[in-house]
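Okay, so the sequence shown: first residue is 1 according to the UniProt record's numbering, each after it adds one. First comes the structure, then the notes that go with it.
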Amino acid sequence: MNIYKQIETEIKAASNIVITAHKSADGDSIGSSLGLLYFIEKLGKKAVICHPDKAPDFLYWLDTSAILLMEENPEDVEAEINKADLIFCLDYNAINRVGPEMQVLLEAANGKKIMIDHHLNPEEFPAITVSETTASSTSQLIVDLIEESDNLELLDKKIGTPLYLGILTDTGSFRFNSVKPRTHEVLAKLLAAGVEHHLIHEKLSDNNTETRLRLQGYAMSEKLEILYDYNVAIISLSKEELAKYQYKKGDTDSLANLVLSIKGMRAAIVFTERDGIMKISFRSKGAENPVNLLAKEHFNGGGHANASGGMSDLTVDKTLVKLKGLIPLYFSN
């Protein structure tokens, strides 16, 4: 029995299924969670999605009413996880990625855990692990689950739309080197299932607010620093600067990729002061310019070679000084 047929068997045998994903939700964690939920429902079972926190506003054109949030409904999330006999761990490779509150619940949970993820170096906490680090996204792996469990006929527009979204966002609109022939094969299956890809692009692209554009304009014109000796760009934004432009979650998500589009840039780093810490986004181009080690070794983070995250408990100025001191060590060639 292949691992995906095994997962199908676990789904059909379970009485209470919970789907979890990492803190600071993105398109792939939302997309894979909803796609899996709808697939489970097509198999005649029920499930509940429990996420640590709210997704950025630009993802809320999807129906997220099935998602319970730890930050808003901790008692409900605790009850669902405690009674679950099957728990999916989507789009994260380490249990601490769900945040301290949900981590405690998951560690104490008796339900069988299934990891489906594409990040490097997965921890060994699940009973069943699907770790495909060459996959473009976790959403792509949910399509693999549907196909390899011999349920491709169940794939429809409802299941496919969030999965397309997850692949689209996690590949930077199909520009990252994580895109492989298999990625396009999966996309073709989603289109054949009725997914209206052009509408998904429109909903993601045509939803800017005035304050978001003004914040991004300020960041590019006033806060962009380029270290031309290494072709690395950095943007830092304090909590006061974010407040000035009425920052909402997701408003700075595209900044790193925008900076990376500058001709000749090897890497872009954007960090923002939120919740008392600096949240850092690392982006780079090419296998010769990985950023995951920088994130892991110095900023309590990690991720993909060309797209990683991290954090710093230093001040804005001290974080900036630290970054500038490290750039020559990682981008000297």
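Cβ atoms here follow ideal geometry from the backbone N, Cα and C, with glycine treated the same way.
Is the segment 49-62 close to the segment 21-32, with three or more CB pairs under 8 Å?
Result yes; three or more Cβ-Cβ pairs closer than 8 Å.
Measuring only the C-alpha atoms, how far is Lys318 from Ser236? Approximately 11 Å, taken between the alpha carbons.
Quick one: complete alpha helix (DSSP H) runs, 4+ long, within the UniProt domain "DDH" (16-167)?
Secondary structure within the UniProt domain "DDH" (16-167): the alpha helix (DSSP H) runs of 4 or more consecutive residues, fully enclosed, are 27-42, 74-83, 100-108, 138-148 (chain order).
Check your understanding: Going straight from the alpha carbon of Lys23 to that of Asn110, what length do you get?
Key -> If I take the Cα positions, the gap works out to 21 Å.
Thinking C-beta only, is Ile200 closer than 8 Å to Tyr164? Between Tyr164 and Ile200, the C-beta spacing is below 8 Å.
- Task: Quick one: grab the DSSP three-state call for Val186.
- Result: DSSP places Val186 in helix when its eight states are reduced to three.
In the DSSP assignment, what residue or residues form a beta bridge with Lys223? The partner list for Lys223 (beta bridge, DSSP) is empty, contrary to what the question assumes.
- Item | Best match in Ala55, Phe39, Lys46, Glu10 for proximity to Leu251 [C-alpha to C-alpha] | A small fix is needed here, since residue 251 is Asp in this sequence, not Leu. Considering only alpha carbons, the answer is Ala55.
Rounded to a whole number of angstroms, what is the C-alpha to C-alpha distance between Ala256 and Asp275?
The C-alpha of Ala256 lies about 20 Å from the C-alpha of Asp275.
Practice item. Flag this pair as yes or no: are the beta carbons of Gly302 and Asn289 separated by less than 8 Å? Key: No; because the gap between Cβ atoms is not below 8 Å, this pair is not in contact.
Fill in: Identity of the residue in Thr315, Lys322, Lys249, Leu258 nearest Tyr60 by Cα
Tyr60 has its Cα closest to that of Lys249, out of Thr315, Lys322, Lys249, Leu258.
- Message: Taking the beta strand (DSSP E) that Leu314 belongs to, which residues open and close that run?
- Response: Careful: Leu314 lies outside any beta strand (DSSP E) and carries neither H nor E.
- Rounded to whole angstroms, how far is the Cβ of Leu224 from the Cβ of Ala233, which I believe are closer than 8 Å? The Cβ separation is near 6 Å, so the contact holds.
From what residue to what residue does the beta strand (DSSP E) around Arg266 run? Note, Arg266: premise wrong, no beta strand (DSSP E); not H, not E.
Three or more C-beta pairs below 8 Å linking the segment 211-227 and the segment 254-270:
The segment 211-227 is in contact with the segment 254-270.
### Query
Considering only residues of the same chain and omitting the five flanking positions on each side of Tyr38, which have a CB-CB separation below 7 Å?
Counting only Cβ-Cβ distances below 7 Å, and skipping sequence neighbours, we find Lys158, Ile159.
inquiry  = Could you check whether the segment 85-98 touches the segment 263-273, counting it as contact only if at least three pairs of C-beta atoms, one from each stretch, sit closer than 8 Å?
reply    = As far as the Cβ criterion goes, the segment 85-98 does not touch the segment 263-273, which means the pair count is below three.
Legend entry - Paired residues, beta bridge with Phe299 - DSSP: BP columns for Phe299 are empty, so no partner.
Report task. Pair every Cβ in the segment 126-137 with every Cβ in the segment 14-23, then say whether three or more of these pairs are closer than 8 Å. Result -> Counting C-beta pairs closer than 8 Å gives fewer than three between the segment 126-137 and the segment 14-23, which falls short of the contact rule.
Distance between beta carbons of Ser137 and Thr161, contact taken as under 8 Å:
Between Ser137 and Thr161 the Cβ distance is about 14 Å, and since that is not below 8 Å, they are no contact.
In whole angstroms, what is the alpha-carbon distance linking Ile67 and Val270? Approximately 29 Å between the Cα atoms of the pair.
Straight-line gap, Lys322 to Glu80 (C-alpha atoms, nearest Å) = For Lys322 and Glu80, the distance between alpha carbons rounds to 42 Å.
Taking Cβ positions, are Thr272 and Gln246 nearer each other than 8 Å? No.
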